[in-house]
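The next block holds one structure in the form of structure tokens; read it before the comments.
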Amino acid sequence: MGHPHLWNTCESSTMKLSIALSIVLIFSPLIVVGNIIAIDYETIVNEICENETLTLQFSSSTDFNENSIISPTLKCIAIKGYVSTFKNGVFKNVPNLKFLDLSNNQISSDDLFNFGNLSNVKILNLCNQNGYRNYRTIVDSVYPELEYLNLRNAGIEELQSSLSNPFPKLKYLDLSKNRIHSRQSLSINMFSTLTHLDLSSNNIDQFSFTRMENLLSLTLDHNAIQNLESSMGIDLTGLEKLENLSLAYNKISYIDSSAIETMPNLRYLNFSGNSLSLFNFDMFKSVKSLDILVLDSNSLDNVPITAPLNITQLSLNRNNIRYLAINTFFYLHSLKKLFLSENKIQSIQVDAFQNQVLLEELYLNDNQLSYLPIGWCDSMKMLRYLNLAGNKFALLESVIYSSDLPVQHLHFERNPLTYINGTLSRLIPVNMTIYLNVNVSSRSTSYVRASAGPFDI
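Going by my numbering, the sequence shown runs without a break in its numbering and finishes at 459.
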């Protein structure tokens, strides 16, 4: 296919521009962590495009020039397919353009910004390019109104510009799934206005975030980070406004406490999938705003919390925890959700949850528990959800000792339960639902039998 159909719409012309009455959502969320800072792209695009977007889809190689699309009123354009280059000035005859989606084309990394200046564009999507992956991407034009820039999976190794700041209003930047190594890979002045930055799935092992004082959300998942300290690894100095920080699935084995203590507004922190065998919870003493802490898939065998913390959600799934002692969660008075799935927990002391008076959900599935001590739940009057699936419980009586148990949903699947005493029905709270399963195969059959009472299995 050669040039696309020439769209020429002037106010005096009788030819009308064919507009697709649909919303083209160009961004998957840049930052998706705990829903702390939600980005409602559908609303943003609706406000800009008012349900009118010109969408062009091509199935073969196509070239564009400045006369390909002409419209004084068009605000939103999406061009998909096999376009490999957009010549300088290609959109100059669309002066009111505010939303431009060029994702899923074949633009090489050194041609990403060849189309030149876009004076009114607020959202620009250049993600998922299948073109030639060059060493350097250069920005030689100013985008004075640009706030959202998606460069995910665009083959970028270095991003450079000779301009003082080509993106003076940029707030949301997605550079994930590229080949960036360090701050030196981004020799471009565009960070001071950023509020959301996604650098996940790159090759980063060192990076300085100085002069990014407006950042609210930072994602660094799936990189090669080994240390969280200013001198050797990741320098987070100056991020006093930061609320979301995700460093999941790196190689982190050491965290300098001062790196976290300097972020007083932090609300969400994710260290999942690292190499942590020790964790200093005392670093959060000065971080009073921390609400959600995720430490899944590490090598922690205990939880040494020695000072009060305000977190409401703690996730320790897939670690090496073997027991819960009286002081394990003593200082976590505000906990509402606690995740301890897929550990090696064999025993829980009776007072292990004595200070969890606000706890609503407790996940203990896929451990090695065979009983819970009498009185284990006396302090947790708010507990509504309890997951004990995949343990070694042979009797429901090993969990339910009193009709005062506040739990409404009890998951008991994948336990070696073979018998249910019907007299237990007197202890089961009226509003409790117990989830059981019986696995039946040609080689083995499990039977669950109720001797009396209203059990439907």
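Ideal placement from N, C-alpha and C gives every residue a C-beta, glycine not left out. This structure is a prediction, so every number in the text was calculated from the model and none was measured.
Exercise. Could you tell me the distance, in whole angstroms, from the CA atom of Lys243 to the CA atom of Leu196?
Key: Here residue 243 is taken as the residue at index 241 of the sequence shown, counted from 1. Here residue 196 is taken as the residue at index 194 of the sequence shown, counted from 1. Rounded to the nearest angstrom, the two C-alpha atoms are 11 Å apart.
Quiz item: Is Cys460 helix, strand or coil when you go by DSSP?
Solution: Nothing about residue 460 can be read from this structure; the chain reaches only from 3 to 459.
Self-check item: Segment contact flag, the stretch 401-410 with the stretch 346-363, C-beta cutoff 8 Å, min 3 pairs
Solution: Counting Cβ pairs under 8 Å, fewer than three are found: no touch.
Quiz item: Quick one: what does DSSP say Gln358 is sitting in, helix, strand or coil?
Solution: Within the sequence shown, the letter at position 356 stands for residue 358. In this structure, Gln358 counts as coil in the three-state DSSP scheme.
Quiz item: So, is Gln59 buried or exposed, given that buried needs 16 or more other C-beta atoms within 10 angstroms?
Solution: As a position in the sequence shown, residue 59 is number 57, starting the count at 1. Under a 10 Å Cβ-count criterion, Gln59 is classified as exposed, with fewer than 16 other Cβ atoms of the shown protein chains found around its own Cβ.
Quiz item: Is the stretch 192-207 touching the stretch 254-267, taking contact as three or more C-beta pairs under 8 Å?
Solution: No contact exists between the stretch 192-207 and the stretch 254-267.
Practice problem: Measure the alpha-carbon distance for Tyr325 versus Ser260 and round it to whole angstroms. | Solution: For the purposes of this step, residue 325 is taken as residue 323 along the sequence shown, with counting starting at 1. For the purposes of this step, residue 260 is taken as residue 258 along the sequence shown, with counting starting at 1. Roughly 30 Å separates the two Cα atoms.
Self-check item: Residue from Lys394, Ile328, Lys346 and Leu230 with nearest C-alpha to Asn319
Solution: Looking up residue 319 in the sequence shown gives position 317. Distance from the Cα of Asn319 is smallest, within the candidate group Lys394, Ile328, Lys346 and Leu230, for Lys346.
Quiz item: Count the other CB atoms within 10 Å of the CB of Leu199; is the residue buried (16 or more) or exposed (fewer)?
Solution: Counted from its first residue, the sequence shown places residue 199 at position 197. By the neighbour-count criterion, in which 16 or more other beta carbons inside 10 Å mark a residue as buried, Leu199 falls on the buried side.
Quiz prompt | Cβ distance (whole Å) where Thr330 is taken to contact Val305 below 8 Å | solution = Here residue 330 is taken as the residue at index 328 of the sequence shown, counted from 1. Here residue 305 is taken as the residue at index 303 of the sequence shown, counted from 1. Going by Cβ atoms, the distance from Thr330 to Val305 rounds to 5 Å, so yes, they are a contact pair.
Quiz item: Quick one: what's got a C-beta closer than 6 Å to Ala327's C-beta in the same chain, skipping five residues either side?
Solution: For the purposes of this step, residue 327 is taken as residue 325 along the sequence shown, with counting starting at 1. Gln351.
Quiz item: Expressed to the nearest angstrom, what Euclidean distance is found between the alpha-carbon atoms of Glu160 and Gly118?
Solution: Along the sequence shown, one-based indexing puts residue 160 at 158. Along the sequence shown, one-based indexing puts residue 118 at 116. Cα to Cα, Glu160 sits roughly 19 Å from Gly118.
Quiz item: Grouping DSSP H, G and I as helix and E and B as strand, with all else coil, what is Asp112?
Solution: Reading the sequence shown from its first residue, position 110 is the one you call residue 112. Residue state, collapsed to three classes: helix.
Practice problem: Kindly indicate which residue of Ser427, Leu419 and Leu429 has the alpha-carbon position closest to the one of Asn439. | Solution: Position 437 of the sequence shown, counting from 1, holds the residue named residue 439. With distances taken between Cα atoms, Asn439 lies closest to Leu419.
Exercise. Enumerate in chain order the residues of its own chain whose CB-to-CB distance from Thr435 is below 6 Å, with the five nearest sequence positions on each side excluded.
Key: Translated into positions along the sequence shown, residue 435 becomes position 433. Excluding positions up to five away in sequence, the list reads His411.
Quiz prompt | Residue environment, Ser288, which counts as buried when at least 16 other CB atoms sit within 10 Å | solution = Along the sequence shown, read from residue 1 onward, the residue named residue 288 stands at position 286. Classification for Ser288: exposed.
Quiz item: So what does DSSP say about Thr197, is it helix, strand or coil?
Solution: Against the sequence shown, residue 197 aligns to sequence position 195. Thr197 falls in the coil class under three-state DSSP.
Exercise. With distances taken Cα to Cα, identify the nearest neighbour of Asn282 among Thr239, Tyr251, Trp378 and Leu230.
Key: If you number the sequence shown from 1, residue 282 lands on position 280. If we check each option's Cα against that of Asn282, Leu230 comes out closest.
Quiz item: What residues are listed by DSSP as bridge partners for Asn389?
Solution: Counting from one through the sequence shown, the residue named residue 389 turns up at place 387. According to DSSP, Asn389 shares a beta bridge with Tyr365 and His413.
Quiz item: Taking the alpha-carbon positions, what's the Leu407 to Ser317 distance?
Solution: Locating residue 407 in the sequence shown gives position 405, where the first residue counts as 1. Locating residue 317 in the sequence shown gives position 315, where the first residue counts as 1. Taking the straight line joining both Cα atoms gives about 23 Å.
Practice problem: At 4 residues or longer, and completely inside the stretch 210-286: list those alpha helix (DSSP H) runs for me, N to C. | Solution: Qualifying alpha helix (DSSP H) stretches, in chain order: 259-263.
Practice problem: Could you say if the stretch 187-196 and the stretch 221-239 meet the contact criterion of at least three C-beta pairs nearer than 8 Å? | Solution: No, they do not touch.
Quiz item: With 16 as the cutoff for other CB atoms within 10 Å, does Ser24 come out buried or exposed?
Solution: One-based indexing of the sequence shown puts residue 24 at position 22. Below a pLDDT of 50, predicted positions are generally treated as unreliable, and Ser24, at 33, falls in that range; no measurement from the model is reported.
Exercise. Identify which residue in Ser349, Leu337 and Phe101 has its Cα closest to the Cα of Met382.
Key: For the purposes of this step, residue 382 is identified with residue 380 of the sequence shown, where counting begins at 1. The candidate whose alpha carbon is nearest that of Met382 is Leu337.
Self-check item: Endpoints, beta strand (DSSP E) assigned at Leu151
Solution: As a position in the sequence shown, residue 151 is number 149, starting the count at 1. Per DSSP, the unbroken beta strand (DSSP E) holding Leu151 starts and ends at Tyr150 to Asn152.
Exercise. May I have the straight-line CA-CA distance separating Tyr251 from Ser277, to the nearest angstrom?
Key: One-based indexing of the sequence shown puts residue 251 at position 249. One-based indexing of the sequence shown puts residue 277 at position 275. Within the model, the alpha-carbon separation for Tyr251 versus Ser277 is close to 9 Å.
Quiz item: Is the beta carbon of Leu114 sitting closer than 8 Å to the one on Leu99?
Solution: Translated into the one-based positions of the sequence shown, residue 114 becomes position 112. Translated into the one-based positions of the sequence shown, residue 99 becomes position 97. Between Leu114 and Leu99, the CB-CB gap reaches or exceeds 8 Å.
Practice problem: Inspect the beta-carbon positions of Asn312 and Leu292 and report whether they are closer than 8 Å. | Solution: Here residue 312 corresponds to residue number 310 of the sequence shown, with the count starting at 1. Here residue 292 corresponds to residue number 290 of the sequence shown, with the count starting at 1. Using a Cβ distance threshold of 8 Å, Asn312 and Leu292 count as a contacting pair.
Practice problem: Check whether the Cβ atoms of Asn367 and Ala396 sit closer than 8 Å, and answer yes or no. | Solution: Walking along the sequence shown from the start, residue 367 turns up at place 365. Walking along the sequence shown from the start, residue 396 turns up at place 394. No, Cβ-Cβ distance for Asn367 and Ala396 is not below 8 Å.
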